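By the working numbering, the letter at position 143 of the sequence shown is numbered 143, and the numbering carries on one by one without gaps. Comments concern the structure below.
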Amino acid sequence: MVRPKTLAQYPWVVVRINCVLCDRRGCYRLARLAARYGPEQSLEGLLADLAHDCPWWRSNPRKYEPRCGARFVDLDHNLPPIDHPNEPVHRRRPPAREDVPKRPAASQPRLPGEVPRLSTWPHPEIIVACARCGRRDVLLVEHLRLSIPGGDARLTDLLVILTSECPRRRSQSVYEQCGALFERPG
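Here it is, written out as structure tokens:
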């Protein structure tokens, strides 16, 4: 977009001015500004007329002195101005805890202190992963049910059986023991 030089070239109906140093701002109708200052009034001259009483407005500031930060808000970017600048912006709030959809529960609710069993495992596969030795096995639940007598076992007992060949399983030191855990796929 080519930056306009005069009021006649200004692309929008509302002229908004804002200062970055102080909290001064203004919103003017283009037709009224053109009637008062004339359509050939330069935008720099208009800005000087509207911000002349700003405490930072100086014709020649020194090197480290701030200069008035008045600017045309809508000319900083190529987007058109919002229709109603005085309306509050409604942002979406983060969802409350009760608004977050809950994951579906397992087929049977677990009682406190009850160890989960292979028959209640909701996924078709189980991942056994050890953070210490880097071992990671993906096992199908159907194959485990066929290989276990009775087709069901507690998951803690199943973990002991599956990690029995791990050399770290029999270590006396707690810090060197196998750290295998079940992971949910996904």
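Glycine included, C-beta positions come from ideal geometry on N, C-alpha and C. Everything numeric in this text was worked out from a predicted model, so none of it was measured.
So, are the CB atoms of Gly45 and Tyr37 less than 9 Å apart?
Counting from 1 along the sequence shown, the entry for residue 45 is found at position 45. Counting from 1 along the sequence shown, the entry for residue 37 is found at position 37. Contact: yes.
Residue range of the beta strand (DSSP E) that Glu125 falls in?
Along the sequence shown, read from residue 1 onward, the residue named residue 125 stands at position 125. Residues 125-130.
By DSSP's criteria, Thr6 is part of a beta bridge. Which residues make up the other side?
The sequence position of residue 6 within the sequence shown is 6, counting from 1. Partner(s): Ser42.
Where Val174 sits in the DSSP three-state scheme:
On the sequence shown, residue 174 is found 174 positions in, with the first residue counted as 1. Annotation note: pLDDT 48 at Val174 (below 50); position unreliable, coordinate value reported separately. Here Val174 sits in helix by DSSP.
To which residues of the same chain is Val222 closer than 7 Å at the C-beta, ignoring the five residues directly before and after it?
What the structure shows of the chain is the stretch from 1 to 186, and residue 222 is not part of that stretch, so it cannot be assessed.
Helix, strand or coil at Arg135 [DSSP, three-state]
In the sequence shown, the residue the question calls residue 135 occupies position 135. Three-state result, Arg135: coil.
Whole-angstrom C-beta distance between Leu50 and Ile17, which should lie under 8 Å
Counted from its first residue, the sequence shown places residue 17 at position 17. Counted from its first residue, the sequence shown places residue 50 at position 50. At roughly 6 Å, the Cβ-Cβ gap stays under 8 Å, so Ile17 and Leu50 are in contact.
Given a cut-off of 9 Å on the beta-carbon distance, is the pair Ile127 and Leu139 in contact?
Position 127 of the sequence shown, counted from the first residue, corresponds to residue 127. Position 139 of the sequence shown, counted from the first residue, corresponds to residue 139. Cβ distance < 9 Å, so Ile127 and Leu139 count as in contact.
Do you know offhand how far Asp53's Cα is from Val13's?
For the purposes of this step, residue 53 is taken as residue 53 along the sequence shown, with counting starting at 1. For the purposes of this step, residue 13 is taken as residue 13 along the sequence shown, with counting starting at 1. Cα to Cα, the separation comes out at about 25 Å.
Compute the beta-carbon to beta-carbon distance between Leu155 and Pro116, rounded to the nearest angstrom, for a pair I have assumed lies under 8 Å.
For the purposes of this step, residue 155 is identified with residue 155 of the sequence shown, where counting begins at 1. For the purposes of this step, residue 116 is identified with residue 116 of the sequence shown, where counting begins at 1. The pair is a contact, with the Cβ atoms about 5 Å apart (cut-off 8 Å).
For Val174, count the other beta carbons within 10 Å of its own beta carbon; 16 or more makes it buried, fewer makes it exposed. Which is it?
For this step, residue 174 is matched to residue 174 along the sequence shown. Caution is warranted here: a pLDDT of 48 is assigned to Val174, below 50, making its placement in the model unreliable, and the coordinate value is therefore given only provisionally. The residue in question, Val174, is exposed, as its Cβ has fewer than 16 Cβ neighbours within 10 Å.
Please classify Gly26: does DSSP put it in a helix, a strand, or coil?
As a first step, residue 26 must be located in the sequence shown, where it is residue number 26. Strand.
Might you give, ordered along the chain, the residues of its own chain that have their beta carbon closer than 8 Å to the beta carbon of Cys68, omitting 5 neighbours on each side?
Residue numbering aside, residue 68 sits at position 68 when the sequence shown is read from its first letter. The residues are Cys19, Leu21, Ala51, Cys54, Trp56, Trp57, Arg58.
Pro39 and Ala8: beta carbons closer than 9 Å?
Counting from one through the sequence shown, the residue named residue 39 turns up at place 39. Counting from one through the sequence shown, the residue named residue 8 turns up at place 8. Contact: yes.
Which of the three DSSP states, helix, strand or coil, is assigned to Arg145?
Position 145 of the sequence shown holds residue 145. Three-state DSSP puts Arg145 in a helix.
Under the DSSP definition of a beta bridge, which residues are partnered with Leu140?
Position 140 of the sequence shown, counted from the first residue, corresponds to residue 140. Per DSSP, Glu125.
By the 10 Å Cβ neighbour count, where 16 or more other Cβ atoms means buried, how is Leu158 classified, buried or exposed?
Mapped onto the sequence shown, residue 158 falls at position 158. Its Cβ being crowded by 16 or more others within 10 Å, Leu158 is buried.
Relative to the alpha-carbon of Ser119, which residue among Arg136, Leu144, Arg3 has its alpha-carbon at the smallest distance?
Within the sequence shown, the letter at position 119 stands for residue 119. Here the closest residue by C-alpha is Leu144.
Put Arg36 into one of helix, strand or coil per three-state DSSP.
If you number the sequence shown from 1, residue 36 lands on position 36. In the structure shown, Arg36 sits in a helix (DSSP, three-state: H, G or I).
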